[in-house]
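The listed protein sequences derive, respectively, from chains G and Y.
Just so we're on the same page, the numbering used here is the position in the first sequence counted from 1, plus 12.
Just so we're on the same page, the numbering used here is the position in the second sequence counted from 1, plus 4.
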Amino acid sequence: MVERIKDSQLSASINQKLVESGERERLKELLRSRLIECGWRDKLRSHCKEVIKQKGLENVTVDDLVAEITPTGRALVPDEVKRDMLLRIRTFLAANT
Amino acid sequence: MSSVLDNGSSPSEVDSLDLDEDSSPEFSIVSELIDEAIVSVCFDIHRSIKRGVYSVLEQSDEKIMKQFEVVECDGLDVFGQVPLKKQVECICPSCQRNMAANRFAPHLEKCLGMGRNSSRLASRRLATTGKLIDGDDDDDNYFDDDWTWNSDRKPGKKNKRDRGNSPRRAKAPRKNGEAGTPRPGTPSSVHSGELPATRTGLTMTAFEPLGNEEKKALLSQTCGVISEHTARMCTRSHRCPQHSDEQRQSVRLLLLGYAEVEPPVGRLRPDGSSLEPDDVIDVDSYEDGDGQALRDTLNRLSWEEESNVSTGDDNSPAAFGSVPLVKKKRKKKAKHKRRPR
């Protein structure tokens, strides 16, 4: 429990730092372009299409989509991209603390 | 700022990162970022659905694209349609006729009267008919006019000829007598000697100066019918489809100088070529007149051509320049005539 609270505090502080410095926006944009480059976005979209087909075009809500797609989306992200993001965050923290 | 530039950290460091440890706060931030990306995708799609763009952008991909797929079949074009070999047709603005596009330019040239021939044709057609003629080709019109020109002349001849049926019988013995020369030589030689072949009514100024032999040669090779429009002689062969045998014969009669009186006797043998049914009739009539059928028939066959000449002389002596010569010859013939009887 204590560790978790600690972790969440730590991550919150890190997040604050990232946001304040504007690094978070930069990382986000970088991730986006990376994911588009590796075809993740297209895969996700085609998956969305299947979901929409099953549910019917009129019955789709954002919540449904997010719930259906998030697991596949997470799994589809290449490890390389994940690693790269992690590394960037760490180097940022190392440089700013 | 430096962190961005630091992305090229050593590979060993990257490999050392353990992605499975969810505990690290950095990784939670990464997954947060990933989730945000996922949500943004969902938002995008949902938005396009609600705006009605989605069906166009995404679903149409499958349905409509199949509709517009490139067809790869033999005998079909890329749209899956059978290529039509329909000829493009044009409507002449002048005469409203429908014609194939490749014939349009030549037709228009004639129809609108460009060029030497067609302008004359067109203006004449306009002048004579007073309206545009549909349906017939230009050549046909040309031919028609030629035909009418000749048919104008023909009725007279025919009438003469019909009338001449009775006189012919009376004439036959005289003919026989006049043309009695057993072998007067080739017809051409006789004519060339006596007949100047100078007629007044026709515009054959180029033809007239020629010698009779030349005329003969020319007429033996070509159709020779004189066109009303060009005033020139047809240079095609004897079988030229534009002119009839009658036209050719009448022209020869005119050109060689013993023409105008020929019709009553028979419009045949202008150049002494061959015998035709009319000759037989002549023979018959002659036969009626005299008793010596066989001999006279044979005799006549030999100098049949000459009889025509002599009758021509009889009927229009003023037409020839050398009347005395003709008369001499006639006397000669008359002598010969008496002999067979």
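No residue lacks a Cβ here, since even glycine has one placed at the ideal position from N, Cα and C.
Since we're looking at a predicted model, the values are computed, not measured.
Under the Cβ criterion of 7 Å, residue 19 of chain G is counted among the residues facing chain Y. The stretch 48–66 of chain G makes no contact with the stretch 26–37 of chain G: fewer than 3 CB pairs, one atom from each, lie closer than 8 Å.
Under the DSSP assignment, residue 93 of chain Y falls in the beta strand (DSSP E) whose first and last residues are 93–95.
DSSP, reduced to helix, strand and coil, places residue 87 of chain G within a helical segment of the structure shown. In this chain, the alpha helix (DSSP H) harbouring residue 41 of chain Y covers 29–55.
Three or more Cβ pairs closer than 8 Å define a contact, and the stretch 37–54 of chain G meets that threshold against the stretch 34–48 of chain Y. Chain Y places no beta carbon closer than 7 Å to that of residue 34 of chain G, leaving this residue out of the contacts.
Residue pairing from DSSP places residue 102 of chain Y in a beta bridge opposite Y:95. The beta-carbon distance between residue 53 of chain Y and residue 39 of chain G, rounded to whole angstroms, is 29 Å. This is too long to meet the 8 Å contact definition.
Following the DSSP letters along the chain, one finds residue 64 of chain G inside the alpha helix (DSSP H) bounded by residues 52–67.
Rounded to the nearest whole angstrom, the CA to CA distance from residue 83 of chain Y to residue 70 of chain Y is 11 Å.
The C-alpha of residue 90 of chain G is placed about 8 Å away from the C-alpha of residue 47 of chain G. In this model, residue 36 of chain Y and residue 61 of chain G are separated by some 24 Å (Cα to Cα). Under DSSP, residue 237 of chain Y forms a beta bridge with Y:230.
Secondary structure remark: continuous alpha helix (DSSP H) runs of at least 4 residues inside the stretch 13–51 of chain G, in chain order: 14–33 and 35–49. The beta-carbon of residue 46 of chain Y is placed less than 7 Å from the nearest beta-carbon of chain G. Using a Cβ distance threshold of 7 Å, residue 102 of chain Y and residue 93 of chain Y count as a contacting pair.
Per DSSP, reduced to three states, the secondary structure at residue 87 of chain Y is coil, with no helix or strand assignment. Here residue 115 of chain Y carries a helix assignment [DSSP, helix/strand/coil]. For residue 243 of chain Y, there is no enclosing alpha helix (DSSP H), as DSSP gives it neither H nor E. Interface residue (Cβ-Cβ distance to chain G less than 7 Å): residue 34 of chain Y is classified as such.
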